[in-house]
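Encoded as structure tokens, the structure appears first; notes follow it.
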Amino acid sequence: MAVLALVFLYPLALVVRQSFQPDTGGTSLEPYTDVFASSAFREALWTTVWLAVAATAGCLVLGFVLALVIAFVPFPGARAVSRFIDVFLSFPSFLITLALLFIYGTVGMANGAWTDLTGADQGPFQFLTTPWGVLLAEITYFTPFVMRPLLAAFSQLDPGQLEAASSLGARAPRIVRRIILPEALPALAAGGSLVLVLCLNEFGIVLFTGAKGVTTLPTLVYGKAILESDYPGACVVAVVNVLISVGLYGLYRVVSRRAGA
Amino acid sequence: MLVHSRGARWAVWAVFLVLFLPLFALPLLVVLGASFATHWSSVLPSGLTTAHYEAATRGEALQALTTSLVTATTASLLALATGTWAALAAAALKRRHRKALDALFVLPLAVPSVVVGLATLVAFSQPPMLLNGTRWIVIIAHSVLVTAFAHQSVSAALARLDPAYEQAAASLGATPAYVLWRVKLPLLLPSLTAAAGLCFALSMGELSATMMLYPPDWTPLPVLIYAATDRGALFTGSAVAVVLMTATLLVLLAVSRIRTRASYR
Amino acid sequence: MAPRPAGGIRFDHVTVAYDGNVVLDALDLTVEPGEVMALLGPSGSGKTTALRAVAGFVRPASGRVFLGDRDVTALPPHRRGIGMVVQQYALFPHMRVADNVAFGLKARKVARAEIRTRVAEALEMTGMGAYARRHPRELSGGQQQRVAIARALAVRPDVLLLDEPLSALDAQLRSGMLAELARLHRELPDVTILYVTHDQVEALTLADRIAVMDQARLRACGTPRELYRAPADAFTASFVGGANLLPVTVGSGGVSLGDAEIEVDTTGAARGASATLCVRPHLVGLGDGPNRLTGTVGEIQWRGATHRLYVDVAGHRVMADVRELKAPPVHGEPVTLHFAPEDAVLLPAGVSTGEE
């Protein structure tokens, strides 16, 4: 307990303290007003939030569909796929961006194929260094985080319920909507809010994209602290980032506890 | 089974493959492919070579691998010890205190790891603890980050543990310490190894906090991969990434072997 | 080990409450050394709580628990020197059978050679000698139960606590284990046994005395014969064996049920008072006789060796278990029942009835 307080809480407290201490000395709100006034910060805040929300929505839809197929329309190898998803979770996020560079990068696979086929100078896929590239990478990387709790929830679902429903004449879409979806809601809520928090805090994916146009709060913290040595500014952004994600994480805990997960 | 007709089932599977393959299988295959190539400007990589692996298993890269392995092992062991201890201590506490302790230990999950990095940097760059520029600052940050995961999985396992075992042992005259050592910890062993594997994997791939902290002589693999891709050496980066994935997988595999043995004894 | 106490268990006004909810209300009960006492009651009656108070897993809000002449109320479980077997066995899954049985001895730092002989002895006694090298999950439910008993006996406790030990077994195994437990008690006559159960057959078969519990209270305590032949109240009557409980009015030298006059011992009952008449179904006969009751058959069940008749008599349902009938009466047929005056017991009128 004391150890954790020492290595975790004490540093956090220092960050908060430093966020009130501009380089000029003394204690004031100056770093806050400075940072809030800067357009870079506001842009980063906006980018972070919309990216996180969009990625979460994408993960939920994709994860639900994929988990549905694995659980209820099983095919040979479905178990291997779900084990693969577990493995996927243990890899660092930046690998995805690295792979996407090869696939959709300026001289990557997709563009290469396009130029080979059409003889054009440039391929059509130029989105990688835009927020869309980050979005694609985040959806790819975080979808397994939604699928895992979903698969767990589906495995608890009594197959008798599905059989009863189809014997009563319900067709597949109706069963999904009326029986599976309500059962899956807690897992969706829990997985969704976890992904939302993780997306807000994602750093590796954004960093690897190498896109100067895409700045999120975590990269802003990094940039301010390491590249500009503006520690008070970095601390302010950090505090904002912590507040947003801790707030959302608290929500996640409440939701998942109510869901009994 | 939800879909009964044969045709519909095939259609569903086709949709699944279309979604699954490009999104999940392709990236890993691409990284693997690129690690053996010198050019990739068309559908398939070209200029097959193993030169990147020679680079990725020697000198700087080899050192980074050792660094990562040492960091991950130390951090997971530290995290496992603290996390288990905290989970056990929490179980013995009153309800309200237990909640507070739980909340404290999951907080690092919610705090962005970049911020954990920044916080560690700020805290240990000034007296009384001057650790900036040493490897310990990296290890401390990693431990803090993964302790939350260790604590969570151990306390979940502890909650599932049937109190009847503990009580049976106590009724046979075993002191609480003896019960912990001979009954509780052996029964928790599968969850403990699972938690260790998770912590190890997370620490191996940790980039964000490390970027804020690493000293020049303690460069873990993810930082090396970033450095490589940043200067345009994508193919070398891929090779190092494959080394990273392989190392992680091997350790996970070993851990899960231990776990299977532990749970089927 | 602590100096050997004289055995026996004594509850002295023991009250247990969870969050202000009283689950055991001022229990006074003494179990003599070497006696088998069954705590019998429905779920939620407080019987398991009483056992756990002896084991030390619940701390009484007031009152004291004695083992022999030792006051153990404040002692932690591991210093009480008891043996305990629970419903779900709680064998340690990561240890072999022999290690499970040796656990208590190792925890008490008994010498190695001694452990070996005592483990072998305990396994022999429960007939599990051949299974010492197995793991618990390789054993059937009945075998696991035997190992759990061996584990509890290996520490040579003065007091053995059994918490619903047979309820996880199927009916056939249960009667076998019941005989086994009776044999073990004959072989270890000094061990005091507290046996918690909701099954009256187990209690009647095994116990020297039965304590009947309901709603956190002790309702009655006595030998199986006393409780069965002359229950003290309606709850005990219905819980220990089935019973017809009929509301009657006390007259002179008998009672009346509707129009019917019934001859029964009315000692101690005031004339004109309402009371409950208790008659065991198997003591009710079909046909004419003393204490004649007439009614119509409401339902009839064939149970192989017997027929059970449910007869509506003056608005009350009377059960009668009679030997299998060649020509059983049909639904709605008028019949006559009778029972001997000495087979009926008059109880004070009580509102509470137990579920059968």
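Residue numbers (this note's numbering), protein chains in the order written: chain A, 21 to 281; chain B, 1151 to 1415; chain C, 18 to 373. Here a beta-carbon is modelled for each residue, glycine too, at the ideal position from N, C-alpha and C. Bear in mind the structure is a predicted one, so any value in this text is a computation, not a measurement.
Rounded Cβ spacing between residue i and residue j (contact assumed at less than 8 Å)
i        : j        : result
P307(C)  : A357(C)  : 6 Å
V164(C)  : P153(C)  : 7 Å
V267(C)  : V314(C)  : That pair is no contact at about 29 Å.
F1299(B) : A1253(B) : About 15 Å; that fails the 8 Å criterion.
A72(C)   : L41(C)   : The pair is not a contact, with the Cβ atoms about 13 Å apart (cut-off 8 Å).
T1369(B) : A1214(B) : 5 Å
A1225(B) : V1296(B) : 6 Å
V339(C)  : L303(C)  : 5 Å
Partner residues on chain B for residue i, Cβ-Cβ distance less than 7 Å
i       : result
P206(A) : Near P206(A) there are no residues of chain B at all, since even the closest Cβ is about 16 Å away, more than 7 Å.
F74(C)  : Q1317
V7(A)   : With chain A represented from 21 up to 281, any question about residue 7(A) goes unanswered, as that position is not in the structure.
G224(A) : L1357, S1358
Partners in chain C for residue i, counting only beta-carbon separations shorter than 8 Å
i        : result
A1314(B) : V103, Q105, A107
beta-carbon residue i near the ligand SAM non-hydrogen atom, thresh 7 Å
i        : result
A1187(B) : The model depicted lacks the ligand SAM and carries no ligand whatsoever.
Spatial distance of residue i from residue j (CA atoms)
i        : j        : result
D305(C)  : G271(C)  : 19 Å
E183(A)  : I116(A)  : 40 Å
L1399(B) : P112(A)  : 12 Å
L1243(B) : L268(A)  : 27 Å
C255(A)  : S175(A)  : 44 Å
E203(A)  : G212(A)  : 15 Å
A185(C)  : V103(C)  : 10 Å
G1347(B) : I1287(B) : 22 Å
G1387(B) : L1394(B) : 10 Å
V259(A)  : L1403(B) : 39 Å
V1390(B) : L1176(B) : 18 Å
L1308(B) : L109(A)  : 24 Å
L235(C)  : V229(C)  : 6 Å
T235(A)  : I159(A)  : 18 Å
S1155(B) : A1306(B) : 41 Å
A77(A)   : A207(A)  : 14 Å
V48(C)   : D187(C)  : 29 Å
P252(A)  : G1323(B) : 59 Å
V1162(B) : F165(A)  : 22 Å
L56(C)   : L86(A)   : 55 Å
Neighbour list for residue i in chain B, Cβ cutoff strictly below 9 Å
i       : result
G121(C) : A1319, S1321, L1322, G1323, A1324
P206(C) : Ordered by position in chain B, no residue passes the 9 Å Cβ test against P206(C), which lies about 22 Å from the chain.
P182(C) : Those do not exist, as P182(C) stays about 13 Å from chain B at its closest Cβ, beyond 9 Å.
Beta carbon proximity, residue i to chain D, threshold 8 Å
i       : result
T235(A) : In the structure shown, chain D does not exist; the protein chains are A, B and C.
Interface residues of chain B facing residue i [CB-CB closer than 8 Å]
i       : result
Y124(A) : Near Y124(A) there are no residues of chain B at all, since even the closest Cβ is about 10 Å away, more than 8 Å.
A245(A) : L1268, L1271, M1362
P94(C)  : Q1317, A1320, S1321
S2(A)   : Because residue 2(A) is not part of the residues shown, which for chain A are 21 to 281, the question remains open.
Interface partners of residue i on chain C, CB under 7 Å
i        : result
V1333(B) : F109
Bridge partner(s) assigned by DSSP for residue i
i       : result
V267(C) : V272(C)
T32(C)  : S79(C)
R334(C) : D329(C)
E316(C) : Y327(C)
S291(C) : T266(C)
A361(C) : V296(C)
Y380(C) : Because chain C in this structure spans residues 18 to 373, residue 380(C) falls outside the shown range and cannot be described.
I99(C)  : V176(C)
E278(C) : S273(C)
T311(C) : T353(C)
N38(C)  : Y35(C)
Partner residues on chain A for residue i, Cβ-Cβ distance less than 9 Å
i        : result
P1340(B) : Going along chain A, no residue has its Cβ under 9 Å from P1340(B), so there is no contact; the nearest lies around 15 Å.
W1163(B) : V89, V93, F95
Chain-ordered neighbours of residue i on chain C, where CB pairs are closer than 9 Å
i        : result
L1337(B) : F109, P110, H111
Y1376(B) : The premise fails here: Y1376(B) is roughly 44 Å from chain C at the closest Cβ pair, so nothing lies under 9 Å.
Neighbouring residues, chain A, relative to residue i (Cβ below 7 Å)
i        : result
A1184(B) : F122
R1156(B) : Here the premise fails: no neighbours, minimum Cβ distance about 12 Å.
S1226(B) : In chain order: nothing, as chain A lies at least about 13 Å away.
R1159(B) : V93
G1387(B) : L118
Beta-carbon neighbours of residue i, restricted to chain A and to distances below 8 Å
i        : result
T1396(B) : Under the 8 Å cutoff, chain A gives no residues; its nearest Cβ is about 11 Å from T1396(B).
Sequence ranges, beta strand (DSSP E) only - wholly within the segment 119 to 185 of chain C, length at least 3: 176 to 180
Runs of beta strand (DSSP E) wholly within the segment 211 to 264 of chain C (minimum 3 residues, chain order): 226 to 231, 234 to 239
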